[in-house]
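Before any comments, here is the structure.
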Amino acid sequence: DLYFSDLGEQAGYYNLVRSRTPPGEPIDIIATRRPYDSPGENPFYYRLQPLRFAVLDKRHMAYPLSRARMQRWTALFLNDDYEVTSLPSYETDVASNPFIAFRELPVQSRYKFMLDEARFTIMGFIKGPVCRGQVALNVIDDHFWVVFLDPEHKGANQTAEFLARESKNLRLPTAKSSILVSLLQWRNYSKDQLKFLKAKAKHLSQRTDPTQSKISLDLIWDGDGHNENATLTIFRHNDSASVVKGFVGHQPKTAWVIDYSLLERIHYLLVAGFDVYGNVAHQLETRLYMDFLRMEGEQNFLLFLPEDTRIPLRNFWYRGASSHVKQFVLSDTSKLDRDTDIVYHTDNPKQELLKLLQKREPGAEAHGYTISDPHFAQLHNLSGPPFSFMPEAAFVEVLGAGGVEQVYSIIHNASYSNNAQVFKEAERRIPSEDYVTVVKGFIGSYPNVFFQLREKDLDSFVKAIIALRSEEDYAELVSSYGVRRNASGFWKLSDKFHAHYKKYYPREAGLFDLNRYDNR
75 DLYFSDLGEQ AGYYNLVRSR TPPGEPIDII ATRRPYDSPG ENPFYYRLQP
125 LRFAVLDKRH MAYPLSRARM QRWTALFLND DYEVTSLPSY ETDVASNPFI
175 AFRELPVQSR YKFMLDEARF TIMGFIKGPV CRGQVALNVI DDHFWVVFLD
225 PEHKGANQTA EFLARESKNL RLPTAKSSIL VSLLQWRNYS KDQLKFLKAK
275 AKHLSQRTDP TQSKISLDLI WDGDGHNENA TLTIFRHNDS ASVVKGFVGH
325 QPKTAWVIDY SLLERIHYLL VAGFDVYGNV AHQLETRLYM DFLRMEGEQN
375 FLLFLPEDTR IPLRNFWYRG ASSHVKQFVL SDTSKLDRDT DIVYHTDNPK
425 QELLKLLQKR EPGAEAHGYT ISDPHFAQLH NLSGPPFSFM PEAAFVEVLG
475 AGGVEQVYSI IHNASYSNNA QVFKEAERRI PSEDYVTVVK GFIGSYPNVF
525 FQLREKDLDS FVKAIIALRS EEDYAELVSS YGVRRNASGF WKLSDKFHAH
575 YKKYYPREAG LFDLNRYDNR
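Sequential numbering from 75 applies to the sequence shown in our numbering.
In structure tokens form, the structure reads like this:
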């Protein structure tokens with residue numbers, strides 16, 4: 075949803091569309107299944123189409139346009155010294171592969187363009203049609219942190235020449251005619267991914283020579299000192315997901331380090347190249363390929379840890395997974411035989427690394443979501459079966475003295491032995507490792523329950539959550555503090571939540587989808 079930020083809060087939203095008609099005439103949209111499909115042989119125009127319907131949180135992705143942004147794009151793409159000798163073809167093999175289609179554009183500029191609004195880039199798949207349903211979402215953990223390689227660090231980043239050489243190994247799934255063809259093709263993609271990981275390790279090894287470049291925090295993008303997109307937190311809510319700026323919640327089990335080629339493939343696989351009208355084979359192939367991208371992001375993170383701790387941590391993340399799966403994360407042929415240059419002082423380097431990133435990165439503390447209430451804070455230090463009875467996302471209104479209202483979200487983070495399988499997710503559940511994240515404001519587009527209580531009852535409410543041992547206990551919790559969908563005050567509280575969202579988060583706000591509201 076595009077908007078002109080220079081106009082202030084009154085600016086409306088627009089979609090960028092391709093039209094057969096020029097400005098000044100009614101828009102005649104050229105409808106194609108994917109944005110890079112051919113618009114036909116006749117002239118066409120890019121038009122801004124006003125959005126005149128209600129803003130829904132589950133698909134609202136605001137992207138600001140401004141004079142400053144235009145200057146930024148001019149510096150990235152128009153003032154740089156390079157030459158485009160030919161425009162990319164609309165043929166699928168070219169248009170679906172950004173490393174071929176945009177090979178003549180500077181890699182650094184392409185990467186910076188996506189990083190400037192990294193949350194929006196990631197949100198494209200988090201809130202897009204590809205992330206609909208449990209099977210589509212079980213490719214990611216319920217809670218993890220994301221950082222990015224610094225585009226200014228030439229040693230760690232892939233060159234245009236390298237990406238051009240590897241373009242075949244970086245090809246992405248496109249719609250196929252049958253599941254059999256899709257599964258056979260997936261085997262080829264898996265081989266291509268292993269080839270790319272091997273080439274990437276060799277390339278990185280050559281460009282991060284110990285005498286010239288160190289594997290240190292300097293490789294991680296710091297948002298140029300001010301951009302809060304440098305750190306992201308992703309939550310999975312079973313069959314939907316959310317992404318927010320900063321490191322939210324206590325330290326997660328896993329984290330990703332994303333580089334340019336990985337970020338570009340995430341966008342093209344799950345947004346630009348995902349055919350919403352494609353058959354089951356296309357959806358399955360997309361889901362299976364996403365496994366590779368998740369594991370590559372995890373492998374990038376592991377490279378910043380001491381060499382002797384990488385494999386044990388990988389094995390913990392992939393408990394019960396086959397050796398075939400594990401080869402995509404630090405296999406003998408694709409791992410970087412080089413130790414980190416970060417000096418660690420504890421026997422828990424992963425925890426130490428995440429703390430270092432929290433201190434270093436702008437916006438990592440995510441103060442907008444941080445809670446100060448000591449009652450809720452104690453939930454962050456606990457894990458275990460009680461939290462497995464909590465819903466995916468709960469909104470809480472706490473009524474204080476003098477009518478002061480505070481709004482919180484409680485997010486259930488379910489734990490699994492691994493995320494390397496499409497089906498049988500229930501068999502991989504580990505309720506003893508479940509935990510919750512409590513934040514100020516709202517996270518989640520599909521609240522499962524509303525809680526409403528007075529500040530003096532907050533201690534009892536938290537203790538009741540910690541004491542959960544059965545569905546009956548949860549039903550009692552809802553009876554004491556919850557607002558059921560048939561309660562007389564349900565819609566009044568819903569309106570209050572929406573008003574709060576609009577008041578304090580005007581550009582984020584949209585209507586919540588109550589279709590998944592529980593009746594437990």
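Glycine included, each C-beta is placed from N, C-alpha and C at the ideal position.
Range of the contiguous alpha helix (DSSP H) that encloses residue i
i	result
residue 181	181–189
residue 379	Segment: none, residue 379 is in no alpha helix (DSSP H) and carries neither H nor E.
residue 239	234–239
residue 448	448–451
residue 511	From DSSP, residue 511 is part of no alpha helix (DSSP H) but of the beta strand (DSSP E) over 509–514.
residue 548	545–555
residue 399	397–400
residue 316	Residue 316 -> not in any alpha helix (DSSP H); beta strand (DSSP E) instead, spanning 315–319.
residue 193	192–200
residue 93	Careful: residue 93 lies outside any alpha helix (DSSP H), inside the beta strand (DSSP E) at 88–93.
residue 172	172–175
residue 539	532–540
Any C-beta of chain B under 9 Å from that of residue i
i	result
residue 397	This model lacks chain B altogether, as it is built from one protein chain only.
Exposure of residue i, with buried meaning 16 or more beta-carbon neighbours within 10 Å
i	result
residue 370	buried
residue 106	exposed
residue 390	exposed
residue 580	exposed
residue 251	Note that residue 251 scores a pLDDT of 49, beneath 50, so its modelled location is shaky and nothing firm can be said.
residue 470	buried
residue 311	buried
residue 156	exposed
residue 181	buried
residue 160	exposed
residue 126	exposed
residue 360	buried
residue 80	exposed
residue 319	buried
Residues near residue i in its chain [Cβ-Cβ closer than 8 Å; skip 5 each side]
i	result
residue 558	552, 564 and 593
residue 444	513 and 514
residue 198	135, 341, 344 and 345
residue 479	471, 472, 473, 570 and 574
Paired residues, beta bridge with residue i - DSSP
i	result
residue 328	218
residue 259	In DSSP, residue 259 forms no bridge with anything.
residue 77	138
residue 526	471
residue 130	585
residue 490	503
Endpoints, the beta strand (DSSP E) within which residue i is located
i	result
residue 113	No beta strand (DSSP E) contains residue 113, which DSSP labels as neither H nor E.
residue 425	Unbroken run through residue 425 is the alpha helix (DSSP H), 423–434; no beta strand (DSSP E).
residue 339	Not the beta strand (DSSP E): residue 339 falls in the alpha helix (DSSP H), residues 334–341.
residue 483	479–487
residue 308	306–310
residue 124	119–124
Option nearest residue i by Cα separation, candidates the options
i	options	result
residue 494	584, 394 and 463	394
residue 374	80, 115, 506 and 331	331
residue 423	367, 337, 328 and 347	328
residue 556	521, 204 and 578	521
residue 492	264, 213, 161 and 536	213
residue 417	289, 300 and 488	289
residue 117	108, 127 and 104	104
residue 364	183, 247, 226 and 382	247
residue 316	190, 196 and 453	196
residue 401	572, 272, 203 and 545	272
residue 200	139, 141, 232 and 307	307
residue 266	302, 366 and 325	366
residue 203	338, 489, 567 and 133	133
residue 177	550, 561, 239 and 91	239
residue 323	451, 245 and 584	451
residue 415	172, 300, 226 and 378	378
Cutoff 6 Å; reference residue i; Cβ partners in own chain excluding five residues on either side
i	result
residue 432	321 and 438
residue 516	483 and 575
residue 505	459 and 462
residue 78	85 and 139
Neighbourhood of residue i by C-beta, 7 Å cutoff - its chain only, sequence neighbours within 5 removed
i	result
residue 404	373, 376, 384, 385 and 388
residue 194	135 and 137
residue 109	346
residue 461	486, 508, 509 and 510
residue 154	180 and 183
residue 434	291 and 296
Heavy atom of the ligand PLP within 8 Å of residue i beta-carbon
i	result
residue 294	The ligand PLP is not among the ligands present in this structure, which contains no ligands whatsoever.
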